[in-house]
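A.B. asks: Chains as they are written, first to last, in the numbering used here: chain A, 13 to 130; chain B, 367 to 478. All C-beta atoms, glycine included, are put in the ideal place defined by N, C-alpha and C. No experiment lies behind these values; they were computed from the predicted model shown. Structure provided below as structure tokens; questions to follow.
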Amino acid sequence: GAVVSQHPSWVICKSGTSVKIECRSLDFQATTMFWYRQFPKQSLMLMATSNEGSKATYEQGVEKDKFLINHASLTLSTLTVTSAHPEDSSFYICSARVSYGLATDTQYFGPGTRLTVL
Amino acid sequence: GESVGLHLPTLSVQEGDNSIINCAYSNSASDYFIWYKQESGKGPQFIIDIRSNMDKRQGQRVTVLLNKTVKHLSLQIAATQPGDSAVYFCAENISNTGKLIFGQGTTLQVKP
Chain A
13 GAVVSQHPSW VICKSGTSVK IECRSLDFQA TTMFWYRQFP KQSLMLMATS NEGSKATYEQ
73 GVEKDKFLIN HASLTLSTLT VTSAHPEDSS FYICSARVSY GLATDTQYFG PGTRLTVL
Chain B
367 GESVGLHLPT LSVQEGDNSI INCAYSNSAS DYFIWYKQES GKGPQFIIDI RSNMDKRQGQ
427 RVTVLLNKTV KHLSLQIAAT QPGDSAVYFC AENISNTGKL IFGQGTTLQV KP
């Protein structure tokens, strides 16, 4: 099946530093990847849509200068949390869409990255 | 926006019983619906999906029902097992965007 990996699985950093999270589709190509954030006991909230070779599209309320997204290849998207602060501590999850050429395509999720900012 | 401070509803069932998890969706333009299972500290795992031109779909031990009239989705799990304990989310695909909007989730607890 379609496998999506994330690296690192967890990271602890000091306030003010930047952290990069990688999302890879291992056995398929994904023209579109998505980044979500999940706080404890809450649902997943879509942050942005990442399209290979073009700029990411951010959801309302998500700062594009703080959450930098790069989708340089069909199997890799990265999310960089710049100048991280404790309120950015969260579980970040990516997904990749398998495209069968249909209007509705399945998204497969990565295992998530736990970010803790001290 | 985010629902800060809300706790996920919990469904507690006895092992071997059937479970029914409900979800209300909001967008009439949604054309595709998915149920995901999320275990603690892990990403969501695909369970079953259904397109808007169907009202029922069955998988292995799971059935999804879709009622577009009242914008309601349900997941039925037959013979619930301890390994089914997790948080279950419904998600709706917004037509022509590819975006998924997740419901608030339900915690399923299976008692041995």
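(1) Does the separation of the CB atoms of Gln470(B) and Ser55(A) fall below 8 Å?
(2) Alpha carbon to alpha carbon, how far is Ser385(B) from Gln442(B)? Give it in angstroms, no decimals.
(3) Rank Glu34(A), Ile24(A), Lys26(A), Thr29(A) by C-alpha distance to the C-alpha of Ser17(A) and give the top, closest one.
(4) Does the beta-carbon of Thr29(A), which I'm using as the reference point, lie nearer than 7 Å to any heavy atom of the ligand FMN?
(5) With a CB to CB cut of under 7 Å and the five nearest residues on each side skipped, what residues in its chain are close to Lys26(A)?
(6) Would you call Ala108(A) buried or exposed, if buried means 16 or more other Cβ atoms sit within 10 Å of its Cβ?
(7) Just tell me which of Gln404(B), Gly409(B), Ile387(B), Leu374(B) has its CA closest to the CA of Ala444(B).
(8) By DSSP, does Glu99(A) sit in helix, in strand, or in coil?
(9) Between Tyr398(B) and the rest of its own chain, which residues show a CB-CB distance below 6 Å, the 5 nearest in sequence each way excluded?
(10) At a CB distance below 8 Å, what residues from the stretch 70-99 of chain A approach chain B? Give them in sequence order.
(11) By the criterion of Cβ-Cβ separation under 9 Å, what are the contact partners of Asp117(A) in chain B?
C.D. replies: Put simply:
(1) Taking the second sequence and counting its residues from 1, the one referred to as residue 470(B) is at position 104. Taking the first sequence and counting its residues from 1, the one referred to as residue 55(A) is at position 43. Yes.
(2) For the purposes of this step, residue 442(B) is identified with residue 76 of the second sequence, where counting begins at 1. For the purposes of this step, residue 385(B) is identified with residue 19 of the second sequence, where counting begins at 1. Looking at the two C-alpha atoms, the distance is approximately 6 Å.
(3) Residue mapping note: residue 17(A) aligns to position 5 of the first sequence, counting from 1. For Ser17(A), the nearest C-alpha among the options comes from Glu34(A).
(4) Here there are no bound small molecules, and the ligand FMN is not part of this structure.
(5) Here residue 26(A) refers to the residue found at position 14 of the first sequence. Only Leu130 meet the Cβ criterion.
(6) In the first sequence, the residue the question calls residue 108(A) occupies position 96. The Cβ neighbour count for Ala108(A), taken over all protein chains shown within 10 Å, is at least 16; the residue is labelled buried.
(7) Position 78 of the second sequence holds residue 444(B). Taking only the C-alpha atoms, the option nearest Ala444(B) is Ile387(B).
(8) The residue labelled residue 99(A) in the question sits at position 87 within the first sequence. If DSSP states are grouped into helix, strand and coil, Glu99(A) belongs with the helices.
(9) The residue you call residue 398(B) lines up with position 32 of the second sequence. The beta carbon of Tyr398(B) lies closer than 6 Å to those of Arg417, Asn459 in the same chain, with the five residues before and after it left out.
(10) Residues of the stretch 70-99 of chain A with a C-beta less than 8 Å from any C-beta of chain B: Gly73, listed in chain order.
(11) Locating residue 117(A) in the first sequence gives position 105, where the first residue counts as 1. Listed along chain B, the residues sitting closer than 9 Å to Asp117(A) by beta-carbon distance are Tyr398, Asn459, Gly464.
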